[in-house]
Amino acid sequence: MSYHANERGYYGEFGGAFIPEMLYPNCEELRQNYLKIMAEPSFQEEFHQLLKDYVGRPTPLYFAERLSKKYNTKIYLKREDLCHTGAHKVNNTIGQILMAKRLGKHRIIAETGAGQHGVATATVCALMGIECVVYMGEIDIARQAPNVARMKMLGAEVRPATSGSKTLKDATNEAIRDWINNPVDTHYIIGSVVGPHPYPDMVARFQSVISEEVKSQLLEKEGRENPDFVVACVGGGSNAAGAFYHFLDTPEVGIIAVEAAGKGIHSGESAATSALGKVGIIHGSKTLLMQTPDGQITEPYSISAGLDYPGVGPLHAHLYTSGRGEFISITDDEAMKAGLDLCKLEGIIPAIESSHALAIFKDRKFKENDVVVVNLSGRGDKDLQNYIDYFKL
3 MSYHANERGY YGEFGGAFIP EMLYPNCEEL RQNYLKIMAE PSFQEEFHQL LKDYVGRPTP
63 LYFAERLSKK YNTKIYLKRE DLCHTGAHKV NNTIGQILMA KRLGKHRIIA ETGAGQHGVA
123 TATVCALMGI ECVVYMGEID IARQAPNVAR MKMLGAEVRP ATSGSKTLKD ATNEAIRDWI
183 NNPVDTHYII GSVVGPHPYP DMVARFQSVI SEEVKSQLLE KEGRENPDFV VACVGGGSNA
243 AGAFYHFLDT PEVGIIAVEA AGKGIHSGES AATSALGKVG IIHGSKTLLM QTPDGQITEP
303 YSISAGLDYP GVGPLHAHLY TSGRGEFISI TDDEAMKAGL DLCKLEGIIP AIESSHALAI
363 FKDRKFKEND VVVVNLSGRG DKDLQNYIDY FKL
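Be aware that the sequence shown starts at 3, since it is given in our numbering, and climbs by one per residue.
Spelled out as structure tokens, the structure:
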């Protein structure tokens, strides 16, 4: 069984491009060109040069000694929090801005939840001198104010989404509407492995630099390329797709995806898509989706603005239903405590998204000699107010 997208953009039964006719030319132009453009030596050279000199890659693979001692296993942290802009998101926006330029686009739109993808998009648009509009839910604008300020400083226009739950799903809806209205000159930089084909595959390929580096770094540190387990948080799932990518077809590497259980999986305030989701279509892709019995999308909830998406990327839906991935749901409370734990044990303040991945060690036991790589997808600066409010700091 393959865990990569086929030529029609399917991972098993999930994926595809379920789009209105108005969007067909946009997606088709991208689908016909993305692999060809990515294979061009000049594209690869420019992409890797920017990742090195601008983003600061390779990011370190750090052996977390005190954390490892606490849980009696070998825990390595892939430090995506040290990328320029503070998260893994920029790997993908660098790739997509280069793609947009080669397709002759001179306006960029994006959606954002926690604001990290919005910041990463605004950053590359500033770098390339391209107009940028970012859609963001009204609620997320309020709870992620520092990132809104950063986007504006970088020259982007931030447009609030005021419908529905006023979060990531609604921002995505607004961005898709914009794209339908501006099909010729606009490229939509989707920030996760969601949306119609070719986005899930394209974003996963740009993020695969994460697992590519892990392999060479582990070889140096442990004398072997493959960890026993690789762990990452999943909302839409781009940091996880990048961390898992080069291990997907290596069955001896355990894949652990961590979702947000919010106030509890069955509390009615959760974003645990694998546990609660049923097959449906959202934002152009067939995947697992939290929905009512009559197919209406239910509102997700998580303390983390980056994980409250009601669906999951089709790759992750396939990993879950095929049994290739182990899915664990973590509550707000467990995530916040794990985040504070990392601060005090390793001197690293993680994003709340990443804290979900770190929270599994309390209950999920590993062997003493297991090598467990956790993708530390972002830094906690953007979440300081949440941490302050939660712990009464």
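Ideal placement from N, C-alpha and C gives every residue a C-beta, glycine not left out.
Cut-off 7 Å between Cβ atoms - residues of its own chain near residue i, not counting five sequence neighbours on either side
i       : result
Ile-77  : Ala-66, Leu-69, Ser-70, Val-374, Val-376
Thr-333 : Ala-263, Gly-264, Lys-265, Gly-266
His-320 : Tyr-5, Tyr-13, Gly-14, Phe-16
Asp-172 : Gly-139, Ala-163, Ser-165, Gly-166
Glu-254 : Asn-228
Glu-82  : Thr-61, Ala-89, His-90, Ile-212, Asn-241, Asn-377, Leu-378, Ser-379, Gly-380
Val-196 : Pro-202, Gly-238, His-285, Ser-287, Gly-313, Gly-315
Pro-200 : Gly-11, Leu-32, Arg-33, Tyr-36
Ile-351 : Cys-345, Arg-381, Gly-382
His-50  : none
Sequence-distant residues of its chain with Cβ nearer than 8 Å to residue i (five each side left out)
i      : result
Leu-48 : A quick correction: the sequence has Glu, not Leu, at residue 48. Here the set comprises Leu-100.
Met-24 : Ile-182, Pro-185
Cβ distance (whole Å) where residue i is taken to contact residue j below 8 Å
i       : j       : result
Ile-110 : Cys-85  : That belief does not hold up - the Cβ atoms of Ile-110 and Cys-85 are roughly 19 Å apart, past 8 Å.
Phe-16  : Lys-288 : 6 Å
His-318 : Val-236 : 6 Å
Ala-177 : Val-205 : Contact flag wrong, Cβ pair sits at about 15 Å.
Residues of its chain near residue i, where Cβ-Cβ distance is below 6 Å and the 5 sequence neighbours each way are ignored
i       : result
Leu-221 : Glu-227
Val-233 : Ile-258, Ala-359, Val-376
Ala-128 : Leu-156, Gly-157
Phe-363 : Tyr-73
Pro-162 : Glu-140, Ile-143
Leu-52  : Ile-96
Arg-152 : Val-121
Whole-angstrom distance between residue j and residue i, CA atom to CA atom
i       : j       : result
Ala-147 : Met-138 : 11 Å
Ser-304 : Ser-269 : 12 Å
Ile-192 : Ile-330 : 25 Å
Gly-349 : Leu-32  : 42 Å
Ile-143 : Ser-194 : 19 Å
Gly-382 : Ser-356 : 9 Å
Ala-353 : Ala-41  : 33 Å
Lys-1   : Gly-166 : Here the chain comprises residues numbered 3 to 395, so residue 1 is not present and cannot be evaluated.
Asp-391 : Met-338 : 11 Å
Arg-145 : Val-57  : 26 Å
Ala-112 : Met-130 : 16 Å
Ile-21  : Ile-96  : 25 Å
Leu-105 : Ala-116 : 28 Å
His-9   : Ile-39  : In the sequence under discussion, the amino acid at residue 9 is Glu, which differs from the His named in the question. Roughly 16 Å between the two C-alpha positions.
Ala-274 : Lys-280 : 12 Å
Tyr-389 : Asp-343 : 12 Å
Thr-252 : Asn-371 : 19 Å
Leu-250 : Leu-79  : 19 Å
Phe-231 : Val-160 : 38 Å
Asp-385 : Thr-294 : 31 Å
Leu-347 : Gly-341 : 10 Å
Cβ of residue i within 9 Å of any chain B Cβ
i       : result
Ile-350 : Reference to chain B is not applicable here, since this structure consists of a single protein chain.
Query raised in the report: What residue ranges within the segment 357-388 form continuous beta strand (DSSP E) runs of no fewer than 3 residues, ordered along the chain?
Result: 373-378
Query raised in the report: Three or more beta-carbon pairs under 8 Å between the segment 86-96 and the segment 198-213, yes or no?
Result: yes
Report task. Could you tell me whether the segment 269-287 touches the segment 313-326, using the rule of 3 or more Cβ pairs below 8 Å? Result -> yes
**Report entry** Three-pair Cβ contact test at 8 Å for the segment 178-186 versus the segment 292-307
**Finding:** no
Query - beta strand (DSSP E) segments (min. 3 residues) lying fully within the segment 149-194 - result: 159-163, 188-191
Query raised in the report: In the segment 96-150, which residue ranges form an unbroken alpha helix (DSSP H) of at least 4 residues, counting only runs that do not cross its ends?
Result: 118-130, 140-145
Query raised in the report: Quick one: complete alpha helix (DSSP H) runs, 4+ long, within the segment 276-336?
Result: 316-324
**Report entry** Whole alpha helix (DSSP H) elements within the segment 52-87, 4-residue minimum
**Finding:** 67-73
Query raised in the report: Considering only residues of the segment 185-245, which uninterrupted beta strand (DSSP E) runs meet the minimum length of 3 residues and lie entirely inside it, listed in chain order?
Result: Listed in chain order, the complete beta strand (DSSP E) runs (minimum 3 residues) inside the segment 185-245 are 188-191, 231-235.
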